[in-house]
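Taken in order, these protein sequences are the chains called A, B, C and D. According to my numbering, the stretch in the first sequence is residues 1 to 394, in order. According to my numbering, the stretch in the second sequence is residues 1 to 394, in order. According to my numbering, the stretch in the third sequence is residues 1 to 394, in order. According to my numbering, the stretch in the fourth sequence is residues 1 to 394, in order. Cβ atoms here follow ideal geometry from the backbone N, Cα and C, with glycine treated the same way.
There are 4 protein chains.
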Amino acid sequence: MAETSKLGALQSYAQECVERHNGQSRSSSVLRGALILLIAVNILAFVVGTVPDMAERYRTSLDILLHVSMVVFAWEYAVRIWTAPLHPGGLYTDPVKGRLRYLVSPIMLADLVVLIPYFVGFGAGFDLRFVRVIRLWWLLGITYYLPAVGTLGRVLKRERRTLFAVMVIMLTMLFIASSLVYLLEHERQPERFASIPHAMWWGMATLTTVGYGDVVPESPLGRVLGVIIMLLGVGTFALPAGILASAFSEERKRRDFMLTWSLVARVPLFESLKAREIADIAILLRPMQLTTHEVVFHKDDEADSMFFIVSGELEVELPHEPCRLGRGAHFGELGLIYRRPRTATVIALSHAELLELDAKDLHKLFERRPKLRSSIMAEAERRLASDRTAAEQV
Amino acid sequence: MAETSKLGALQSYAQECVERHNGQSRSSSVLRGALILLIAVNILAFVVGTVPDMAERYRTSLDILLHVSMVVFAWEYAVRIWTAPLHPGGLYTDPVKGRLRYLVSPIMLADLVVLIPYFVGFGAGFDLRFVRVIRLWWLLGITYYLPAVGTLGRVLKRERRTLFAVMVIMLTMLFIASSLVYLLEHERQPERFASIPHAMWWGMATLTTVGYGDVVPESPLGRVLGVIIMLLGVGTFALPAGILASAFSEERKRRDFMLTWSLVARVPLFESLKAREIADIAILLRPMQLTTHEVVFHKDDEADSMFFIVSGELEVELPHEPCRLGRGAHFGELGLIYRRPRTATVIALSHAELLELDAKDLHKLFERRPKLRSSIMAEAERRLASDRTAAEQV
Amino acid sequence: MAETSKLGALQSYAQECVERHNGQSRSSSVLRGALILLIAVNILAFVVGTVPDMAERYRTSLDILLHVSMVVFAWEYAVRIWTAPLHPGGLYTDPVKGRLRYLVSPIMLADLVVLIPYFVGFGAGFDLRFVRVIRLWWLLGITYYLPAVGTLGRVLKRERRTLFAVMVIMLTMLFIASSLVYLLEHERQPERFASIPHAMWWGMATLTTVGYGDVVPESPLGRVLGVIIMLLGVGTFALPAGILASAFSEERKRRDFMLTWSLVARVPLFESLKAREIADIAILLRPMQLTTHEVVFHKDDEADSMFFIVSGELEVELPHEPCRLGRGAHFGELGLIYRRPRTATVIALSHAELLELDAKDLHKLFERRPKLRSSIMAEAERRLASDRTAAEQV
Amino acid sequence: MAETSKLGALQSYAQECVERHNGQSRSSSVLRGALILLIAVNILAFVVGTVPDMAERYRTSLDILLHVSMVVFAWEYAVRIWTAPLHPGGLYTDPVKGRLRYLVSPIMLADLVVLIPYFVGFGAGFDLRFVRVIRLWWLLGITYYLPAVGTLGRVLKRERRTLFAVMVIMLTMLFIASSLVYLLEHERQPERFASIPHAMWWGMATLTTVGYGDVVPESPLGRVLGVIIMLLGVGTFALPAGILASAFSEERKRRDFMLTWSLVARVPLFESLKAREIADIAILLRPMQLTTHEVVFHKDDEADSMFFIVSGELEVELPHEPCRLGRGAHFGELGLIYRRPRTATVIALSHAELLELDAKDLHKLFERRPKLRSSIMAEAERRLASDRTAAEQV
């Protein structure tokens with residue numbers, strides 16, 4: 001029994017190491033990091049291996065790296081099958097059927113594509129070049145696990161219809177532009193505009209404003225067409241980026257709200273609030289991460305926001321003795337309430353999480369929560385008084 | 001009489017097939033799809049036919065395709081005239097005058113331009129090359145019927161004044177840039193900058209940032225001018241795309257609202273609401289389409305929205321026995337209310353339509369509709385209790 | 001006295017003709033249009049005149065055009081001095097001092113620059129080439145009077161600080177990039193990267209993504225630098241366009257509001273409202289101009305807005321007898337209220353001004369103005385009833 | 001004692017001169033400006049010094065400039081150490097430890113990097129070329145103190161995660177595109193696509209749409225890949241600029257609010273308001289700076305906003321006698337309230353600060369502050385009456 005549970009714990013731990021998702025324990029994330037690093041080194045080795053000089057000089061090192069990596073990833077592959085039933089999402093819980101289903105999941109098949117040629121080829125005295133190339137596949141694997149890429153994926157999914165529409169318009173423009181330039185330039189440059197597919201090389205380079213200049217129309221009519229195509233291209237082919245950029249910033253605002261929501265309840269001032277009251281406040285606050293020794297603001301800076309400390313410790317560099325603020329404290333409200341520059345520099349003593357509140361939103365918050373208002377105003381007056389006392393003592 | 005009504009039904013059905021607009025019946029949309037495909041194949045044949053090798057090898061196939069297509073489209077043309085009085089929009093209802101008015105509508109004249117040269121030319125032993133080219137015309141026809149292009153059209157119409165203004169500014173810049181570079185470079189490169197129209201080729205390539213590099217100023221002053229032109233171009237010629245992109249996303253929000261509005265009334269929870277109350281809610285919800293086996297969210301994902309099912313069936317992968325949810329049900333509210341990750345994966349069992357509600361908007365909705373709030377909270381507490389019971393039983 | 005007032009009327013009329021601003025009378029705007037056309041023809045003549053073939057062939061015509069234009073514009077110049085005291089804005093009201101002040105205003109000095117060389121040179125047997133070139137100056141004059149350019153001017157003024165900031169950053173990047181590439185490439189390509197000013201030609205072409213390709217770094221380090229410069233350039237040099245585009249659409253919303261405001265009070269339904277109540281409504285409505293025979297919507301289109309007629313006449317193509325709607329009427333509300341597609345096509349019979357109201361905003365308007373709600377709902381029910389009656393009669 | 005305080009005042013004044021931050025006194029800002037100008041001249045001298053002709057001709061002047069500048073900046077360096085305890089932000093208050101800490105601050109170390117090679121090299125008969133180059137370093141120093149750059153810094157910091165994500169996606173695309181083009185083109189163009197790092201030169205030039213055209217794929221498959229890469233590049237590599245542009249305009253709105261807030265309390269009409277009431281109003285107003293003789297609006301312009309004067313004096317060009325308005329006055333409300341064009345031109349007589357209020361927001365303000373409404377309406381009626389009286393007198 002103890003044996004089994006120990007094995008279970010190991011399995012669960014192993015699962016955390018191989019699943020590059022979002023494990024919590026520190027040692028497992030180090031192991032996960034090492035696996036990602038190994039992939040990155042493999043990609044780099046592939047790139048460097050194409051430079052003839054380098055390939056010759058480091059041939060042995062590159063070969064050793066390949067063999068070691070393949071063994072490591074084969075071992076990782078086995079561990080992932082073993083731990084499949086613990087996969088987050090609970091998709092493969094059945095010990096036998098679940099593992100079989102996991103084997104045919106896209107991510108496992110993708111890995112198999114890299115591993116099989118190596119082990120089969122190795123036994124059969126196969127050429128390793130193909131195996132080298134195929135490691136590029138893993139690059140997609142790294143990106144797949146980056147949270148940023150997840151955001152892009154969600155944005156692409158949400159905007160897929162608009163993007164598809166723009167894509168159809170862009171392809172139609174490419175077809176028409178290429179056909180017309182073919183008709184106008186074919187006679188004059190039979191080599192470069194040999195057919196419409198040939199003309200598309202010019203068409204795409206022009207519409208996307210890449211403009212290599214290796215193929216250009218030379219007849220007067222062809223150039224008039226070219227000028228029109230450039231003008232249309234610059235107005236159309238930048239559309240997808242514009243659409244994606246605004247969708248990106250919407251998505252980020254949504255994520256920020258979720259992050260803020262989970263932080264607000266951890267500030268003592270807000271602890272007693274109900275979920276729906278937290279939502280009211282979370283809309284106004286903005287999360288902010290600080291690393292050790294990062295400065296929140298300098299003395300005499302303009303005051304345009306106040307801060308609540310969710311975690312970590314900060315130091316206010318008051319003239320006589322610095323003062324420390326910990327979790328739950330707030331600061332920076334004096335500048336907002338009495339409209340004056342910062343009276344002291346504030347520095348993070350450790351990694352810290354803050355919630356920032358803009359001048360614009362402070363008063364909205366005060367209206368929604370009069371109690372909060374009186375509590376913050378009382379603290380502000382107390383601080384102001386102690387400032388004056390300190391000033392008088394000097 | 002029965003004869004006539006049968007013919008009428010046939011006419012109405014034929015109308016649906018040829019009008020690529022938005023018919024409902026399945027078989028008619030298959031026929032419509034086939035016609036669009038035939039156009040696409042014709043365009044492709046035209047493109048491929050310009051590659052000398054291909055043209056030679058597939059000459060017979062391409063010729064057969066041309067003849068078959070022309071006959072099909074001539075037949076389609078006749079059917080459209082026959083069914084004109086049933087045209088959606090009711091513009092051509094009169095059997096005689098309506099049909100004549102339809103004959104001179106732009107879309108019918110456009111088709112005639114493609115059909116006449118073929119049939120006239122065929123009789124007269126005419127060269128078919130011109131007919132081949134003219135099929136490109138149809139490409140615009142396909143795009144015309146895509147909903148995406150309709151959106152672009154509406155956006156262009158709404159922003160036409162701003163775009164015209166920017167266009168005037170861009171053309172003025174082109175004129176001035178080209179004239180100045182002509183004055184500065186004409187002496188040094190009399191061939192490339194032979195006249196202002198010649199200089200415009202460089203001017204447009206530079207202002208749109210295409211930059212072929214086949215023509216560049218060489219004198220010091222010409223290059224200084226070039227540097228200034230590049231800077232101005234990059235700030236001005238990207239304006240239309242920026243303006244269109246923001247107009248596009250506004251238009252999409254408007255469409256989404258309309259779609260949501262029509263869905264909200266089909267959710268039982270909202271069924272009793274009056275039209276104006278539905279509008280209040282529709283602003284907060286976001287429509288979402290799922291295909292079979294698509295995952296809404298995975299277990300342990302962050303919870304940032306809840307869902308109402310408009311149509312289709314979904315499965316919640318609870319640990320002990322999966323639970324099915326059908327039309328009218330809602331899910332995902334537990335994560336929002338108790339701020340915790342998803343407790344189970346949810347997968348679509350069929351094509352499904354959902355309405356998504358963000359965390360941010362859930363509380364707004366609760367405020368507006370207190371009854372809805374108590375109904376959802378009661379369900380949430382029931383589900384939480386049954387979760388606990390299940391956990392205790394394990 | 002009558003003489004004087006007749007002369008005064010003539011002066012006032014002449015003023016309207018030469019001031020390309022925004023006169024009301026029809027004949028004066030025709031004269032103004034003719035003057036603008038003459039400038040455009042002059043610009044075109046200048047452009048065409050640089051093509052050697054054309055210049056030779058049309059030499060006489062071009063010369064006549066030049067002489068005629070100069071006389072016309074000299075005459076216009078005199079008229080403008082005469083009418084200066086009537087200048088809109090009332091800046092030059094004093095008959096003597098005002099005219100003198102007007103003479104040294106930028107716009108008059110600019111004209112003088114074109115006129116003097118001609119008349120002085122003509123007398124002195126001067127070469128006309130310089131005079132030809134200088135007409136380009138007028139191009140800026142045309143653009144100056146376009147309303148679109150005024151909008152751009154206001155946008156540039158409002159964003160001048162941000163744009164200046166970005167410009168400084170861009171120039172710093174250009175300086176640093178060019179200096180570094182000069183250090184890295186000077187040895188290898190002493191001709192192309194002869195000095196930092198030479199390197200700036202490459203730097204600007206790269207940062208703006210123009211990329212002529214006539215000058216490129218060739219050393220490995222130079223190319224690494226080039227890759228970094230491209231990446232930074234693409235992220236920075238598109239900033240001004242992005243900033244301008246969003247400022248442009250803000251400015252447009254502001255203008256739309258002003259336009260709507262002036263229209264709302266002319267709709268009888270809203271006539272009794274006070275100024276501040278009109279502001280409430282104007283935020284929700286969107287102005288729309290129609291030309292004769294333009295279709296507002298087709299039968300069976302999706303209904304997503306309703307319309308109020310400010311001026312002009314429209315026809316609803318009802319099945320039995322078309323119905324005309326004039327100033328003050330509203331239509332399209334049935335589709336919104338009963339959520340169903342349009343029941344008839346609506347076409348403009350004359351130039352018409354409408355106010356459009358989105359589905360989203362209809363209910364907001366109803367809440368703000370309950371009286372308006374009952375008036376519109378009553379009309380809707382009456383129309384629905386008459387629809388049913390008509391249907392029963394068929 | 002008096003001696004010390006005099007020295008203290010000098011120290012404090014010297015501090016203001018060398019700290020390019022935001023000193024208030026006029027003479028210190030002249031001195032600061034002179035130092036910045038000296039840096040700019042040095043940069044220019046460096047650039048010009050790389051042009052062989054120029055370098056030869058102005059050799060002596062350039063050398064003198066170098067020596068003088070170095071002495072000036074060495075002296076400035078010393079002054080900054082002396083005044084370190086007065087540094088804004090109060091980071092180096094301790095006379096000894098503070099100065100030592102200041103010595104190792106990034107900005108001082110950066111200066112040392114420029115100064116040491118000169119003084120050491122000068123003594124050792126060192127070649128001055130390196131010293132010349134190193135002055136480029138100062139360019140970053142200038143930009144560092146520009147407020148615009150501070151804004152960019154804050155924007156970059158706030159968006160760093162999104163930008164990092166996009167950067168990772170862009171680099172992945174670069175890697176994959178370059179690897180694929182290498183595989184497809186290596187055989188055909190072994191020189192240009194010698195290795196993946198070589199292929200990256202093409203990859204980056206294509207993805208950023210720079211498109212030099214010095215390296216292009218030639219095989220049909222390579223060109224198909226190229227077309228896809230262009231399409232992906234134009235959609236992805238413009239993302240950072242789009243994200244930055246929208247973040248920039250958000251940041252600007254935040255700054256504007258702060259600026260307005262500090263101005264509102266200086267308008268007598270608003271003086272009696274409490275801080276939280278000012279916030280309500282500040283959201284609606286927009287700050288505006290005028291230089292002497294700048295025109296706010298012309299007679300007969302469309303009226304779309306009114307103005308409050310924070311400081312400075314303006315002149316209303318009324319027909320009979322111009323009228324002056326000073327601090328605290330408001331104007332332009334007649335056009336808004338009675339919806340009519342401007343009745344007179346308004347010009348600034350001195351540098352002036354205004355607060356602008358849009359038509360749209362005027363009514364919001366009136367609702368929030370009924371007293372303000374009656375005060376402004378009373379003034380409007382008084383002015384209208386005096387207008388009429390004036391008109392009757394004519």
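Rounded to whole angstroms, what is the Cα-Cα separation between residue i and residue j?
| i | j | result |
| --- | --- | --- |
| Val104/D | Leu112/D | 10 Å |
| Ser12/B | Ser5/B | 10 Å |
| Glu353/C | Arg154/B | 18 Å |
| Thr83/B | Gly332/C | 28 Å |
| Val224/D | Leu62/B | 24 Å |
| Gln24/C | Arg32/C | Note on Gln24/C: pLDDT 49, under 50, position unreliable in the model; the coordinate value appears next. Approximately 11 Å between the Cα atoms of the pair. |
| Leu86/C | Phe307/D | 27 Å |
| Ala245/B | Pro106/B | 29 Å |
| His186/B | Pro217/A | 21 Å |
| Gly98/D | Ile81/D | 9 Å |
| Ala385/B | Ala378/B | 11 Å |
| Ser350/C | Val149/C | 29 Å |
So who's on the other strand from residue i, going by DSSP bridges?
| i | result |
| --- | --- |
| Ala409/C | Since the displayed chain C opens at 1 and closes at 394, residue 409/C lies outside it and no answer follows. |
| Ser305/B | Asp358/B |
| Arg324/D | Glu315/D |
Measuring alpha carbon to alpha carbon, tell me which of the options ends up nearest residue i.
| i | options | result |
| --- | --- | --- |
| Asp301/B | Gln289/B, Ile283/B and Leu336/B | Leu336/B |
| Val267/D | Gln189/D, Gly150/D and Glu356/D | Glu356/D |
| His198/A | Val210/A, Ile169/A and Asp214/A | Asp214/A |
| Met204/A | Met204/D, Thr208/D and Val227/D | Val227/D |
| Arg161/D | Ile229/A, Leu269/A and Glu251/A | Glu251/A |
By Cβ distance, which residues of its chain are closer than 6 Å to residue i, with the 5 residues on each side in sequence left out?
| i | result |
| --- | --- |
| Val395/C | A query on residue 395/C cannot be resolved here, the shown segment of chain C reaching from 1 to 394 and no further. |
Only counting the same chain, and skipping five residues up and downstream in sequence, which positions put a Cβ closer than 7 Å to that of residue i?
| i | result |
| --- | --- |
| Leu318/C | Ala344 |
| Asn22/C | Legend: pLDDT at Asn22/C = 46, less than 50; position of this residue unreliable, no value from coordinates given. |
For residue i, does the three-state DSSP call read helix, strand or coil?
| i | result |
| --- | --- |
| Phe237/A | coil |
| Ser195/C | coil |
| Ile283/D | coil |
| His67/A | helix |
| Arg80/B | helix |
| Gln189/C | coil |
| Glu218/D | coil |
Can you give me the Cβ contacts of residue i inside the same chain, cut-off strictly under 8 Å, excluding the 5 residues immediately before and after it?
| i | result |
| --- | --- |
| His298/C | Arg342 and Thr345 |
Would you say the beta carbon of residue i comes nearer than 6 Å to a heavy atom of the ligand GDP?
| i | result |
| --- | --- |
| Val155/A | Judged by which ligands are present, the structure shown has none, so any question about the ligand GDP falls away. |
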